[in-house]
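Structure, as structure tokens:
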Amino acid sequence: MDGIPPLVDQYSQGAAQRELGLGSFEQHLAEAAGAAGPAPPGTTFFDSRAGLAVRRWCPPLLGLEPHCAPVRYLARRRELGAYRSARLLLRGAGIGTFLLPPGPVDDLTSPAELARAAGGRAHEVVRPEALAARAADGAPGADAFLCAAAEAVYGAARTATAFASAAPGCDGEPPPAARVREAAGRWLRTRAPGEEPAGPVLTRHLLWTAVATGLPVQLHGADPEAFTGFLRATSGRGADLVLLPGPGPWHRRRAYRLAAAFPHVYADVGARPEEALREAPFGKLLFSTGARALAELYVVAARLFVRAMERLMGHWVADGWCRAAEAARIASLVAAGTARRVYRLDYRPAAAAAG
């Protein structure tokens, strides 16, 4: 469709920086296909929808024909080398801006490294749990830890684009200070060095702290309904909230309906926007790849999204729901426009520019 701008990928984790053999490539492909354990005897994880999509769209970016044999594709990948292969794939994905955690983490690219390889821009999304873990490593007690953690969150808000919370849910009120201090002391006594807080009291306390900064906050809890009280309580506080639901269709539908119900709430559509556009206002929805490790997954998600939008908008125009110019505007909103507004991308310096 004419008019879809370079995509804004509001959630991914970076690409692998090292060479990937058949085993490690298949492991990452298995994760993308939602599988655990080895492939059935005599098969491969290329025998999945994710595998077929990789074979359909990625070989031409590396100079091969579509649907070439997996062994030929991986041989070409090794021939080009890890960096050049990733660069060709990322630059062919059609993504102009990436939001991802600061890094590198687990041998994945940092925002600046991914931006350079993709010829795009990247912005950091910071997890308050990670900030709290670093604050705890040098804190002599609960009060010192809580003070250091708050300072770390507010300090990160000066340079980060958004926060991303791992809390599985949150109530409509912050946890009482006494409970937070008690939970912090108990956690500090038992934690291993580098361990992040995972209990409900501390994760909810950190979430409320992140919201108080005014930055957008991504909510990665699987069931968006567990945040209903929190969404209601944070209305009017100045921080936009973005729901990234679990993979189940019921989780996604709840996210879309909550995004429609609250003015400061938005929802991730991943690479498949068809259902979301029936459930929520178009300006409440944002694209993401959710990609991790394989540069191919950025390509696949972007292609799936663009093709789905083209197909859906084409049907709407043909059925008289809207004109072609209006369809292009709707597609542009979900692809990039809403993310640019919610995350204030036109007013924040990127981690790296095209290069």
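According to the working numbering, the stretch in the sequence shown is residues 9 to 363, in order.
We put the beta carbon where it would ideally sit given N, CA and C, even for glycine.
Over what stretch of residues does the alpha helix (DSSP H) that includes residue i continue unbroken?
{"i": "T105", "result": "Counting along the chain, T105 falls outside any alpha helix (DSSP H), though it belongs to the beta strand (DSSP E) covering I103 to L108."}
{"i": "R57", "result": "R57 to W65"}
{"i": "A234", "result": "Run containing A234: none; DSSP gives neither H nor E here."}
{"i": "H36", "result": "L30 to A40"}
{"i": "L215", "result": "P208 to A220"}
{"i": "D145", "result": "P136 to D145"}
{"i": "L82", "result": "P78 to L88"}
{"i": "V325", "result": "A303 to A326"}
{"i": "V225", "result": "First-last for V225: V225 to L227, but that is the beta strand (DSSP E), not the alpha helix (DSSP H)."}
Between residue i and residue j, how many whole angstroms is the CB-CB distance? I'm expecting something under 8 angstroms.
{"i": "A344", "j": "A94", "result": "Contact flag wrong, Cβ pair sits at about 22 angstroms."}
{"i": "S243", "j": "H272", "result": "6 angstroms"}
{"i": "F270", "j": "L239", "result": "5 angstroms"}
{"i": "L70", "j": "L37", "result": "Actually they do not touch by this definition, with Cβ atoms about 16 angstroms apart."}
{"i": "A147", "j": "A156", "result": "6 angstroms"}
{"i": "R245", "j": "V219", "result": "6 angstroms"}
{"i": "S296", "j": "P13", "result": "About 16 angstroms separates the two Cβ atoms, so there is no contact after all."}
{"i": "Q21", "j": "L107", "result": "Contact doesn't hold; Cβ gap of about 11 angstroms is too wide."}
{"i": "L7", "j": "A144", "result": "Outside the modelled stretch of the chain, which goes from 9 to 363, sits residue 7, for which no answer is possible."}
Where residue i and residue j are concerned, what is the direct C-alpha to C-alpha distance, given to the nearest angstrom?
{"i": "A192", "j": "E203", "result": "13 angstroms"}
{"i": "G180", "j": "G237", "result": "4 angstroms"}
{"i": "E287", "j": "P257", "result": "12 angstroms"}
{"i": "Q25", "j": "R348", "result": "28 angstroms"}
{"i": "R86", "j": "G29", "result": "8 angstroms"}
{"i": "P183", "j": "E190", "result": "11 angstroms"}
{"i": "V277", "j": "P78", "result": "29 angstroms"}
{"i": "E334", "j": "F313", "result": "18 angstroms"}
{"i": "R84", "j": "A23", "result": "18 angstroms"}
{"i": "P119", "j": "E132", "result": "7 angstroms"}
{"i": "R262", "j": "G31", "result": "37 angstroms"}
{"i": "A138", "j": "R331", "result": "47 angstroms"}
{"i": "L60", "j": "A123", "result": "27 angstroms"}
{"i": "R265", "j": "E121", "result": "36 angstroms"}
{"i": "L82", "j": "P255", "result": "29 angstroms"}
{"i": "A152", "j": "R352", "result": "33 angstroms"}
{"i": "R63", "j": "L116", "result": "23 angstroms"}
{"i": "A268", "j": "L210", "result": "29 angstroms"}
{"i": "E73", "j": "W65", "result": "9 angstroms"}
{"i": "A358", "j": "G298", "result": "20 angstroms"}
{"i": "L320", "j": "A326", "result": "10 angstroms"}
{"i": "L15", "j": "T51", "result": "34 angstroms"}
{"i": "D17", "j": "D354", "result": "15 angstroms"}
{"i": "G363", "j": "F33", "result": "Interpretation of G363 is limited by its pLDDT of 48, a score under 50 that renders its predicted location unreliable; no figure is taken from the coordinates."}
{"i": "Y91", "j": "L98", "result": "10 angstroms"}
{"i": "G149", "j": "P176", "result": "26 angstroms"}
{"i": "A172", "j": "A164", "result": "12 angstroms"}
{"i": "A234", "j": "A200", "result": "29 angstroms"}
{"i": "R4", "j": "F53", "result": "With the chain covering only 9 through 363, there is no way to say anything about residue 4."}
{"i": "P67", "j": "Y162", "result": "44 angstroms"}
What do you get for residue i, buried or exposed, if any count of 16 or more other CB atoms within 10 angstroms of its CB means buried?
{"i": "W216", "result": "buried"}
{"i": "A275", "result": "buried"}
{"i": "T198", "result": "exposed"}
{"i": "W329", "result": "exposed"}
{"i": "H75", "result": "exposed"}
{"i": "V113", "result": "exposed"}
{"i": "T167", "result": "exposed"}
{"i": "A170", "result": "buried"}
{"i": "E27", "result": "exposed"}
{"i": "Y19", "result": "buried"}
{"i": "R80", "result": "exposed"}
{"i": "G222", "result": "exposed"}
{"i": "G229", "result": "buried"}
{"i": "V350", "result": "buried"}
{"i": "P135", "result": "Strictly speaking, residue 135 in this sequence is Arg, with Pro absent from that position. Result: buried."}
{"i": "R57", "result": "exposed"}
{"i": "A301", "result": "buried"}
Residue range of the beta strand (DSSP E) that residue i falls in?
{"i": "D17", "result": "L15 to D17"}
{"i": "F153", "result": "From DSSP, F153 is part of no beta strand (DSSP E) but of the alpha helix (DSSP H) over A150 to A164."}
{"i": "F171", "result": "A170 to S173"}
{"i": "Y274", "result": "V273 to G278"}
{"i": "L251", "result": "L249 to L251"}
Do the segment 47-55 and the segment 295-308 make contact, defined as three or more Cβ pairs closer than 8 angstroms?
no
Under 8 angstroms, with one C-beta from each stretch per pair, do the segment 91-105 and the segment 272-283 reach the 3-pair mark?
No, the segment 91-105 is not in contact with the segment 272-283.
Take every Cβ of the segment 118-132, pair it with every Cβ of the segment 204-215, and state whether three or more of those distances are shorter than 8 angstroms.
no
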